[in-house]
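Novice:
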Amino acid sequence: MTTVLGKPGTDGLGEAVRALREWQHDGAPAQLHPGDLGWFWRTGPETTAGAVRTWSRNGRIRAVGLLDGPGLLRLAIAPDALRDEETARRMAEDITAPERGVLPKGRADIESPTGALLQDLLSEAGWSAEEPWTPLRRDLTGPVDDPGLRIETVGPERAQLFTAVHRAAFGGSSFTERRWHAMAAGAPYTEARSLLAHNARGDAVAVVTVWSAGPGRPGLLEPLGVHRDHRRHGHGRAIALAAASALRELGSSSALVSTPSANTAAVTTYTSAGFRPRPEVRDLHRDE
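Structure follows, in structure tokens:
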């Protein structure tokens, strides 16, 4: 058996998305979700294909990586390959060798599932733990409270307003109407929704995009933001509730989100919307 590293190309991105959907299940460790690829798709299919890495054995994808920035590799590994030695050692070799094209030389971070053999191998090679993140999960088997705001499902004609609120929520964001259309044209968006919240005055105050991995599987919130002029009014909790409700309508079993543990305000907001913190996770870091 051989484990092969490859870049999927635009035609092969759908296969990577399908693999990520299949690997999502309740109780699984936090890892790369098809919604993460969907959000990255705002950069266009060619750029997305250039940022994706896949490891395959006998024609079956065993792991998917997303180079989410110059030195951050985010990974998902098939459940039956988490402790597979051949796959883990090949991945570790590829990740630590710049000529393999997985990570550039120098400072780098790896986000991989907790419990994966790859983490053990990288730690033995000198990679160190970074600051913790808190994954949160909300069960969707029961009803979701009304958010108390008017929630709009955004279509192409409202993309300009949606992206304007997003930019007002995230300083330095480059999310534009053109990028929303690129995201919405991607394969993961076939099971996604962009939501826009309005307060009693009609102001657009918060946004979120939710990503289903298919019926009976966990869905993802990525990203969620509140307009900088409308904070501290409970709108974060409201849009998180709206996101959970939308995922429930899409058939998701649960709703997932992650935030740095140091961002206590975000953790509190999600908790108030019924999300429950899971054990913290840490990226692995290399200085050189």
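Numbering of the sequence shown is given in this note's numbering, commencing with residue 5 and proceeding in unit increments. Just so you know, even glycine gets a beta-carbon here, dropped at the ideal spot from N, CA and C. Bear in mind the structure is a predicted one, so any value in this text is a computation, not a measurement.
Within the chosen definition, does the stretch 215-223 reach the stretch 159-169 through at least 3 CB pairs nearer than 8 Å?
Specialist: No, the stretch 215-223 does not touch the stretch 159-169.
Novice: Helix, strand or coil: which one does DSSP assign to leucine 24?
Specialist: helix
Novice: Can you name, in chain order, every residue of its own chain whose Cβ lies under 8 Å from the Cβ of leucine 199, other than the five neighbours on each side?
Specialist: Ile155, Glu156, Thr157, Val158, Val211, Val212, Thr213, Val214, Ile243, Ala246, Ala247 and Ala250
Novice: Using the Cβ count rule (16 or more neighbours within 10 Å means buried), how would you classify serine 256?
Specialist: So serine 256 ends up on the buried side.
Novice: Provide the residue span of the alpha helix (DSSP H) that contains arginine 183, from first to last.
Specialist: 181-188
Novice: Cβ atoms of tryptophan 137 and arginine 286: under 9 Å apart, would you say?
Specialist: With respect to tryptophan 137, arginine 286 sits close: the two C-beta atoms are nearer than 9 Å.
Novice: Would you report the Cα separation of methionine 5 and asparagine 62, rounded to the nearest angstrom?
Specialist: Interpretation of methionine 5 is limited by its pLDDT of 45, a score under 50 that renders its predicted location unreliable; no figure is taken from the coordinates.
Novice: With methionine 187 and tryptophan 45 assumed to form a contact (beta carbons below 8 Å), what rounded beta-carbon distance in angstroms separates them?
Specialist: Yes, they are in contact, since the Cβ atoms of methionine 187 and tryptophan 45 sit about 5 Å apart, within 8 Å.
Novice: Assuming alanine 67 and alanine 80 are in contact, meaning their beta carbons sit under 8 Å apart, how far apart are those beta carbons, in whole angstroms?
Specialist: 7 Å
Novice: Provide the residue span of the alpha helix (DSSP H) that contains threonine 268, from first to last.
Specialist: 268-276
Novice: Just to confirm, are alanine 47 and arginine 183 a CB contact at a threshold of 9 Å?
Specialist: Sequence inspection shows threonine at residue 47; the alanine mentioned does not correspond to that position. Yes; because the gap between Cβ atoms is below 9 Å, this pair is in contact.
Novice: How big is the Cα-Cα spacing for alanine 23 and glycine 13?
Specialist: 15 Å
Novice: Would a C-beta distance cut-off of 9 Å place leucine 70 and alanine 112 closer than the cut-off?
Specialist: no
Novice: By the DSSP assignment, the beta strand (DSSP E) with leucine 228 in it spans what residues?
Specialist: It spans 222-230 - the beta strand (DSSP E) in which leucine 228 sits, taken as one unbroken run.
Novice: Compute the distance between the beta-carbons of valine 9 and arginine 104, then report whether it is under 9 Å.
Specialist: First, the residue type needs correcting, since residue 9 is leucine and not valine in the sequence shown. Cβ distance < 9 Å, so leucine 9 and arginine 104 count as in contact.
Novice: Could you spell out the range, first to last residue, of the alpha helix (DSSP H) harbouring glutamate 284?
Specialist: Note, glutamate 284: premise wrong, no alpha helix (DSSP H); not H, not E.
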